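So the structure is just underneath, and the comments pick up after that.
In my numbering, the protein residues as written are -7 to 46.
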């Protein structure tokens, strides 16, 4: 699933609906689609507080 995240994110940023983008990257099953629908992309906000950076 992670291998299509960036492509999916770019499609949504370009104006494609989330549903269409998931179809286009091959996420057909509801169990896979829920992972994207419920995901909050917080890495940029959390990364500065990472223990690895200290």
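In this text, a Cβ means the ideal position worked out from N, Cα and C, and glycines have one as well. The structure displayed is predicted, hence computed values, not measured ones.
Quick one: Cα of residue i to Cα of residue j, how far?
| i | j | result |
| --- | --- | --- |
| residue -2 | residue 8 | 14 Å |
| residue 5 | residue 18 | 18 Å |
Buried or exposed for residue i, going by 16 or more other Cβ atoms inside 10 Å?
| i | result |
| --- | --- |
| residue 22 | exposed |
| residue 43 | exposed |
| residue 27 | exposed |
| residue 14 | buried |
Suppose the cutoff is 8 Å on Cβ atoms and the five residues either side in sequence are ignored; what does the same chain contact list for residue i look like?
| i | result |
| --- | --- |
| residue 37 | none |
| residue 68 | For the chain, the structure presents residues -7 to 46; residue 68 sits outside this window and is missing. |
What residues in its chain sit with their C-beta under 7 Å from that of residue i, if we drop five residues either side in the sequence?
| i | result |
| --- | --- |
| residue 47 | With the chain represented from -7 up to 46, any question about residue 47 goes unanswered, as that position is not in the structure. |
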